[in-house]
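J.:
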Amino acid sequence: MVNKVTLVGNVGTEPEVKELTNGSVATFSLATSERYKDKSGQKHEKTEWHNIVAYGNVVDVIKNYVNKGDKLYIEGSIHTRKWEDKEGNTRYSTEIKLRDLTMLGGGSTAAKSEPVAAGVDDGDDDLPF
1 MVNKVTLVGN
11 VGTEPEVKEL
21 TNGSVATFSL
31 ATSERYKDKS
41 GQKHEKTEWH
51 NIVAYGNVVD
61 VIKNYVNKGD
71 KLYIEGSIHT
81 RKWEDKEGNT
91 RYSTEIKLRD
101 LTMLGGGSTA
111 AKSEPVAAGV
121 DDGDDDLPF
């Protein structure tokens, strides 16, 4: 079985880094867009928002180099979390667990024009959820 996703998009929120008992986690949103024409020739654009979660060594790269607006190429896997909210309702969240990250440039900082690549050596399933 394969659980792999590849996305190229723009960072939608400033990354948030939290310290956990077993390491750090970084989270941010990534927007991908699809452009198409309908039968009448009218142009449309559909944007999808993805919740990205990163663990391990790549968190330092995200913390120091990734900002809102940056264009990224990422590879990861899809995971769904289940929890109960304050009212006791069951909630679900679908996230992309980041494995590889390449900065594509053209983002918010000129110093980021060269690609930066980072991989994750995550020891696999030490997830806090």
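Residue numbering for the sequence shown is 1 to 129, as defined by the working numbering.
All C-beta atoms in this analysis are idealised placements derived from N, C-alpha and C, irrespective of residue type, glycine included.
1. For the beta strand (DSSP E) that contains residue 51, what are its first and last residues?
2. Since residue 187 contacts residue 6 with CB under 8 Å, what's their CB separation in whole angstroms?
3. Less than 6 Å between C-beta atoms, sequence neighbours within five positions excluded: which residues of the same chain meet that for residue 110?
4. Going by DSSP in three states, residue 60 sits in which element: helix, strand or coil?
5. The beta strand (DSSP E) that contains residue 100, what's its start and end?
6. Anyone know if the C-beta pair for residue 73 and residue 104 falls short of 8 Å?
7. Across which residues does DSSP place residue 10 in a beta bridge pair?
8. For residue 44, count neighbouring C-beta atoms within 10 Å of its own C-beta (all shown protein chains included) and say buried if the count is 16 or more, exposed if not.
9. Just reading off the beta strand (DSSP E) that residue 16 is part of, what are its end residues?
T.: Walking through what the data contain:
1. Where residue 51 is concerned, the enclosing beta strand (DSSP E) stretches over 43 to 55.
2. In this structure the chain extends from 1 to 129, so residue 187 is not present and cannot be described.
3. Residue confidence for residue 110 is low, a pLDDT of 37 falling below 50, so the modelled location carries little weight; the figure read from the coordinates is stated next. Same-chain partners within the cutoff: there are none.
4. helix
5. 90 to 103
6. yes
7. 31, 71
8. exposed
9. 16 to 20
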